[in-house]
Every structure is written in structure tokens, then in C-alpha cells.
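Counting from 67, one number per residue, gives the positions in the sequence shown under our numbering.
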Amino acid sequence: MSSPHDDVRLVALAERTVATFEKAFGASPAFFVAAPGRVNLIGEHTDYNDGFVLPAAIDRYAFMAVAPRADRRVRLVAADFGARSMFDLDHIATDGTQRWSNYQRGVAWALQEAGFPLAGLDVALSSDIPVGSGLSSSAAVEIAMAYAFQIAGDLAIDGAQRALLCQKAENDFVGMNCGIMDQFIVSLGERDHALLIDCRTLEYSPVPLPSGCDVVICDTKKRRGLVDSEYNRRREECERGAGILQVSALRDVSMDQLQAHRDTMDEITFRRCHHVVSECQRTLDAVDALRGGYVARFGQLMNASHASLRDDYEVSCAELDAMVSAAWDMPGTLGARMTGAGFGGCTVNLVDSASTDAFVRGVTQAYTRATGIIPEVYVCQASDGVRLID
Ligand code: GLA
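The following block contains the structure:
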């Protein structure tokens with residue numbers, strides 16, 4: 067189901083992909099698939115520690131116009147930058163020049179590895195999720211592609227399995243060692259809700275977003291540098307901490323236990339563990355706050371999450387800190403923090419709806435003054451996960 071706000075964006079994406087499809091392939095598409103981006107409200111760098119996350123799918127999409135083929139070829143055309151790529155389902159290799167196509171290739175590879183019989187597809191793709199801003203544009207492409215194969219082949223794959231297969235594509239084919247959060251929320255998001263996801267069991271439950279508040283995304287326009295190498299380093303530091311604490315993942319550690327072991331680990335490892343252990347608890351507390359109607363409390367937990375990511379986990383940067391400070395200075399801000407992997411990208415803010423317009427103007431001005439960069443700020447709607455579009 068789409069909201070009226072969604073419809074404008076989806077129609078624009080449909081028009082662009084249909085025109086590109088017809089020009090590239092000389093035929094009409096058979097169906098359309100849209101997969102949303104995501105924003106994480108709280109629970110950052112916890113997914114690969116088997117912990118808890120609270121993301122929402124947003125009203126920005128990777129959109130595909132698709133037609134099944136009778137052979138084993140997959141032909142891709144990118145409407146946004148006029149590039150093409152083609153591969154054969156019997157020989158799937160990475161494309162070093164058309165790197166954007168490696169997500170689609172990886173998904174085909176992962177589905178076949180899992181034993182799903184695939185047939186070829188013609189696909190035109192367009193996306194209005196900004197690339198490199200930490201809103202999961204790549205997970206959206208992966209999930210849209212998996213869903214396209216599913217629809218074309220009538221394959222029985224549930225939302226969680228789809229997420230796991232796409233995570234495998236990203237880990238083992240593309241080579242980015244991400245956790246499960248992004249693919250999971252893109253696959254299973256629910257309109258007007260965030261999802262509390264237990265990243266160990268993959269149990270999840272929808273949490274209604276509070277009325278009277280807006281979720282506002284502020285894009286620093288600082289593209290995420292360093293993220294791959296530092297991300298992998300954080301994962302290693304967490305694994306080292308779990309090893310010292312003799313647990314399979316930091317999810318199993320309480321703050322008391324961690325404090326009791328402080329002398330057994332170096333300062334950096336301790337701080338990394340401190341972030342993860344405190345963030346898992348903050349995420350559960352944040353869900354209780356939302357369910358209990360304590361929005362101000364929820365906002366305070368977001369603020370504490372930012373401080374922990376900045377000081378203990380060290381994945382923020384000057385631009386993210388400037389954007390968060392600008393938000394904290396605005397009346398009507400309930401909470402503000404960096405969101406996603408860090409080192410650039412976006413912040414997520416919970417703002418009293420009566421103050422939203424002033425927030426957008428004020429934060430844009432203050433951030434531009436502080437950094438010289440003009441940000442993009444927009445109010446997002448929590449949307450459904452991947453779906454067919456009529
Ligand atoms: C990236 C990864 C996710 C998650 C976040 C940090 O978005 O893809 O799996 O680890 O960073 O919370």
C-alpha cells in the first residue's frame with residue numbers, strides 16, 4: 067500500500083524506468099517492483115553483535131521495471147546514468163567496470179546457491195535513494211532484484227529468507243561485510259512503523275511511530291569515506307571483546323559483566339564493547355518508551371546513542387556532529403543522532419510536528435554556516451517494505 071506522498075515519487079520512478087526499458091529493450095515491462103531505503107532510529111552497530119535494532123523503511127525507492135526472458139540472460143539498464151550491464155545465469159562474475167551491477171549479480175548468485183531455479187530477466191532500474199548517504203540504497207537494489215526473480219519465477223521465499231540471501235550476496239559476492247539490519251527492514255518494513263529486530267533470532271515486532279512527531283532525515287552530503295575499512299575494524303574489535311568475555315557475541319554481556327572485566331582488556335576494546343552493550347539496552351528502553359508514549363524519553367535515548375557512537379565507538383565525523391548539534395539547538399527537537407554506519411551520511415531526528423518547518427530551515431542554516439556545505443533535509447514517512455507496484 068502506498069500513501070499519496072509516495073505516489074508522486076513512485077509515478078516519477080515508473081515513468082523513468084518505463085521510458086528507459088522501452089528504449090533499451092524495444093518492448094514493454096511486465097511488472098514493477100519498488101524497494102524502500104531505510105533509516106535506523108536507534109540500535110547502531112549492534113546487528114553484527116547479535117543485538118537489537120529499530121529501523122524504519124522510508125519513502126525513497128529503488129524501482130525496477132521487469133520482464134521475464136525465456137533464456138538465462140539478465141540484461142540491466144540504469145535509467146539514472148544510462149549504463150548497461152548483462153550477465154549469464156550460468157557464469158556469474160563481478161563486473162569491474164559496471165560496478166553498480168554487482169548487487170544484482172550477487173543476488174542472482176545467492177539465490178542459485180540456495181537452490182532456487184532462476185530464468186533470465188530484462189530490468190530497467192531507477193532510484194531516488196541518495197547513494198553513499200547511509201540510507202541503504204544498495205540493500206534496496208538487492209531486495210528489489212530478489213523480489214523481481216521471485217515474482218518472475220513464482221518462488222516461495224519469505225521476507226526473512228530474502229533478507230538473508232541478499233545479505234549473503236553483499237557479504238560474499240560484493241565483499242561488504244554488513245549485518246542483517248538493512249536487508250531485513252527493506253524486505254519487511256511496515257508503513258507508519260519501525261521494526262524492533264532481534265538480530266540473533268530474527269524475531270521482529272512492529273512499533274508504531276508516535277503521532278504528533280516527525281522523523282526528519284538530514285543528509286550532511288559528506289559521502290561516507292573510510293567506511294569499509296573502519297567498519298571491518300569495528301567488527302574485529304567487537305569479536306576480540308566477545309572473545310575476552312567468553313561469549314559468542316556482545317549481545318550476551320550485561321553492563322555489570324563488562325565493568326567487571328574492564329582490567330582484562332585494552333581501552334579501545336573496552337570502549338567498543340561499552341558502546342554495544344549500552345546501545346542494546348538503549349534500544350530496548352527506546353521501544354518501551356515509544357510503546358508507553360514517553361516520546362521525550364525516546365529522544366533522550368537517541369541523544370545518548372549519538373554520544374556513545376561519537377565517543378566510545380568513534381564512527382561519527384565533524385559533519386555529523388555539526389548536524390546533530392544544530393538539531394539539539396533547535397526548539398522542538400526531541401532527539402537527534404547519526405544513523406547508519408557513520409563517517410558521513412545522514413542524521414535522524416525526532417521533531418515535534420508543530421516545529422518541523424522551523425527545524426528544517428534552522429538546521430539547514432546552522433549546518434551550512436558551520437561547514438560551508440548545503441545539506442538536504444526532509445521529513446520522511448515510514449513505508450512498507452518491498453512490493454509490487456500496479
Ligand atoms: C551498515 C550495515 C548494517 C549495520 C549498520 C550500523 O548500515 O550495513 O548492517 O551494521 O551499518 O548499524
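Cβ atoms here follow ideal geometry from the backbone N, Cα and C, with glycine treated the same way.
Near the ligand GLA: residue i beta-carbon under 8 Å from a heavy atom
i    : result
C339 : no
C244 : yes
H372 : no
M211 : no
S202 : yes
Y297 : yes
Y114 : yes
D154 : no
M247 : yes
H111 : yes
R407 : Contrary to the premise, residue 407 reads as Ala rather than Arg in this sequence. Under cutoff, so the answer is yes.
V119 : yes
N168 : no
A205 : yes
N415 : no
N369 : no
Secondary structure of residue i, DSSP reduced to three states
i    : result
A144 : strand
I223 : coil
E442 : strand
N415 : strand
D329 : helix
V189 : strand
I217 : helix
G401 : strand
I158 : coil
D322 : helix
F97  : strand
A229 : helix
H111 : coil
V132 : strand
A78  : helix
M242 : coil
D456 : coil
S151 : strand
R126 : strand
V343 : helix
V381 : coil
V207 : helix
Residue range of the beta strand (DSSP E) that includes residue i
i    : result
Y297 : Run containing Y297: none in the beta strand (DSSP E); it sits in the alpha helix (DSSP H), 293-311.
L107 : Counting along the chain, L107 falls outside any beta strand (DSSP E), and DSSP gives it neither H nor E.
Y270 : 270-274
V282 : 279-285
D423 : Looking at the DSSP string, D423 is not in any beta strand (DSSP E); the run it does join, the alpha helix (DSSP H), is 422-437.
A260 : 259-264
Cβ of residue i within 9 Å of any chain D Cβ
i    : result
I283 : Among the protein chains of the structure shown there is no chain D, as only one such chain exists.
N- and C-terminal bounds of the alpha helix (DSSP H) containing residue i
i    : result
I251 : 247-254
V390 : 384-394
R376 : 361-377
R138 : R138 -> no alpha helix (DSSP H), and no H or E assigned at all.
W175 : 168-179
Pairwise C-alpha distance: residue j and residue i
i    : j    : result
E442 : V207 : 22 Å
I315 : E305 : The sequence as given places Ala at residue 315; Ile does not occur at that position. So the two alpha carbons sit approximately 7 Å from each other.
T335 : V342 : 11 Å
V173 : D378 : 35 Å
D258 : N415 : 16 Å
E179 : T430 : 47 Å
D264 : G92  : 46 Å
L187 : R135 : 5 Å
V77  : E88  : 16 Å
E242 : F409 : As written in the sequence, residue 242 is Met, which differs from the Glu given in the question. Taking the straight line joining both Cα atoms gives about 16 Å.
F425 : G411 : 19 Å
T112 : D137 : 42 Å
V281 : S320 : 30 Å
G200 : A96  : 31 Å
A212 : D354 : 34 Å
E81  : S193 : 12 Å
G225 : C339 : 31 Å
I310 : T330 : 7 Å
A122 : V143 : 29 Å
A384 : T83  : 37 Å
C284 : G438 : 15 Å
R299 : A90  : 42 Å
T349 : M152 : 42 Å
G359 : D146 : 42 Å
Assumed close pair residue i, residue j - CB separation to whole angstroms, cut-off 8 Å
i    : j    : result
M130 : A214 : 6 Å
G401 : Q347 : With a Cβ gap of about 16 Å, G401 and Q347 do not count as contacting.
R301 : Y114 : 6 Å
I209 : C244 : At roughly 13 Å, the Cβ-Cβ gap does not stay under 8 Å, so I209 and C244 are not in contact.
G255 : L262 : At roughly 12 Å, the Cβ-Cβ gap does not stay under 8 Å, so G255 and L262 are not in contact.
V417 : L356 : The Cβ separation is near 15 Å, so there is no contact.
D387 : R376 : 6 Å
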